[in-house]
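Engineer:
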Amino acid sequence: MHPPLKARRVVYAALPIAVATALALGGCTASPATAEANSVAWLYNVFLAAAGVVFVVVAALIGWSVIRYRGQAGDASLPPQTHGNLILEVVWWALPTLLVIGLFVISAQVLNATDKRSPSGAVRVRVEGFQWQWRFTYLDSGVQLVGLPDRPPQLVLPVGEQISFELVSADVIHSFYIPHFLLKRDTIPGLANRVDLTIDRAGTYGGQCAEFCGLLHARMVFSIRAVAPSDFQRWLSEQRALPPSPSP
Ligand SMILES: [Cu+2]
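So for the sequence shown, the working numbering puts the first residue at 1001; every next one is plus one.
#1: Let me check understanding here. Comparing Cα to Cα, which of S1169, L1015, P1032 lies closest to V1056?
#2: Answer with buried or exposed for T1114, where buried requires no fewer than 16 other C-beta atoms within 10 angstroms of its C-beta.
#3: Which residue wins for smallest C-alpha separation from L1157, given the options V1168, T1204, G1084?
#4: Whole angstroms are fine: how far does the CA of L1216 sit from the CA of V943?
#5: Can you confirm whether the stretch 1218-1233 touches the stretch 1145-1160 when touching is taken to mean that 3 or more C-beta pairs between the two stretches lie within less than 8 Å?
#6: Please determine whether the Cβ atom of E1166 lies at a distance below 7 Å from any heavy atom of ligand 1.
#7: Go to P1158, then tell me how far its beta strand (DSSP E) extends in each direction, as first and last residue.
#8: Please determine, among D1200, V1127, G1129, the residue with the shortest C-alpha to C-alpha distance to E1161.
#9: Just checking, does the stretch 1029-1047 make contact with the stretch 1185-1198 on the three C-beta pairs under 8 Å criterion?
#10: Let me make sure I understand the geometry here. Which of I1101, E1089, G1214, G1129 has the alpha-carbon closest to that of A1192?
#11: Considering only residues of the same chain and omitting the five flanking positions on each side of H1174, which have a CB-CB separation below 6 Å?
#12: Just to confirm the assignment, what range does the alpha helix (DSSP H) spanning Q1233 have?
#13: Please list the segments of the beta strand (DSSP E) lying wholly inside the stretch 1158-1224, counting only runs of 3 or more residues, in order along the chain.
#14: So if DSSP puts V1127 in a beta bridge, which residue, or which two residues, is it bridged to?
#15: Going by DSSP, what residue range makes up the alpha helix (DSSP H) through L1098?
#16: What do you reckon, are the CB atoms on V1168 and R1225 nearer than 8 Å?
#17: Can Y1044 and T1029 be called in contact, C-beta distance under 8 Å?
#18: Using the beta-carbon count (16 or more within 10 Å), is G1084 buried or exposed?
#19: Measure the CB-CB distance between W1134 and R1219 and report whether it falls below 8 Å.
#20: Spell out the partners DSSP gives L1145 in its beta bridges.
#21: Are the beta-carbon atoms belonging to R1240 and S1141 less than 8 Å from one another?
#22: Which parts of the stretch 1051-1089 are runs of the alpha helix (DSSP H), unbroken and 4 residues or longer, counting only runs that do not cross its ends?
#23: Would you say A1202 and A1170 are within 8 Å of each other, going by their C-beta atoms?
#24: On the criterion of 16 or more Cβ atoms from any shown chain inside 10 Å, does R1124 qualify as buried, or is it exposed?
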C-alpha cells in the first residue's frame, strides 16, 4: 500500500529544507588550519555522520510505521499486540552500546593527540589577557606585542613548526579563541594554561576573547598571521630591532 499523496508531498517538501539546513550548518564550521584542528574536525564529522545515520533510520522507521499502520475511519480494533522479542531487544541494546563505545574511544584518542605536549624546540609564546586586550610575548626572543582596544595586535607564527602557548591573565578570566584552530582556552588569574599546536596552512586567522570580561570585551580581537619559517625569522629580527611597544 502506498502512502497518500499528501504525506508524500510533505516528505518531498521537507527533504530539501533538511538538506539545505545541514549544508548551512556545515558551512558555519571554520576550515581547520592546524594539525590538531584537523583531528577535531574529523571527529566532528564522524559524530555528524553517526548522528545522521541514526536520524535517518529512526525517522524512516517511525514514518513508515505511522503511515503503514494508521487507523482507518470507523475501525476501532487494535492491531496485533506483541509482548517482547528477544533478538530485537538484544540488537537495539547492542547497536547503541557499540556506537557509544566506539565514539568514546576515538574521542579519547583525539583528545590525547590534541593535548600532547610539544618536545623542546617549539616556538614559545606567552599569551596574557588583560582588560581589554592581549599581550603576546615570544619567550625565546623577548619580542612583545601589546594590543589596545582600538589597535588589535597581530601575532606572527611559522607554519609547520610546533608552537607552545602559555595562557595567563592579568586580571579576570578571558578566553583565547581562534575559530580556524578550533581552539578556545581560558586565561585564568593565578593559573597558567598551556596549548601546543602546529599550524599547517599559511594565512591570516581572526581571534577574539570568548569570555565576557567587562565593558570593552568585544574589542579584545586579534589576528594570527601564519607564514613560512624563514619569513617568521625575518619578521622576528625586524621586531627585535624596533623599540618596545608602549604599555597600555
Ligand atoms: Cu573578554
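Idealized CB from N, CA, C, for every residue including glycine.
Structural biologist: To lay it out plainly:
#1: When each option's Cα is compared against that of V1056, the closest is L1015.
#2: Label assigned to T1114: buried.
#3: Of the listed residues, the one whose Cα sits closest to L1157 is T1204.
#4: Residue 943 lies beyond the range of the chain shown here (1001 to 1248); nothing can be said about it.
#5: Between the stretch 1145-1160 and the stretch 1218-1233 there are three or more inter-stretch CB-CB distances shorter than 8 Å, so the stretches are counted as touching.
#6: Flag unset: Cβ of E1166 not near ligand 1.
#7: Segment 1154-1158, the beta strand (DSSP E) holding P1158.
#8: Of the listed residues, the one whose Cα sits closest to E1161 is D1200.
#9: In short, these stretches touch, since the Cβ pair count reaches three.
#10: Taking only the C-alpha atoms, the option nearest A1192 is G1129.
#11: G1129, T1187, C1209, E1211, C1213, listed in sequence order.
#12: Element bounds for Q1233: 1229-1241.
#13: For the stretch 1158-1224, whole beta strand (DSSP E) runs of length 3 or above, ordered along the chain, are 1162-1169, 1174-1178, 1183-1187, 1193-1198, 1203-1209.
#14: V1127 has F1136, L1167 as its beta-bridge partners, per DSSP.
#15: Residues 1086-1114.
#16: For the pair V1168 and R1225, the CB atoms are not nearer than the 8 Å cut-off.
#17: It is a contact, given that the beta carbons lie within the stated cut-off.
#18: Within 10 angstroms of the beta-carbon of G1084 lie fewer than 16 other beta-carbons, which makes it exposed.
#19: Contact flag unset, no.
#20: According to DSSP, residue pairing for L1145 in a beta bridge involves F1136.
#21: Taking 8 Å as the Cβ cut-off, R1240 and S1141 qualify as a contacting pair.
#22: Whole alpha helix (DSSP H) segments, 4+ residues: zero.
#23: Between A1202 and A1170, the gap from beta carbon to beta carbon reaches 8 Å or more.
#24: Answer is buried; the Cβ neighbour count reaches 16.
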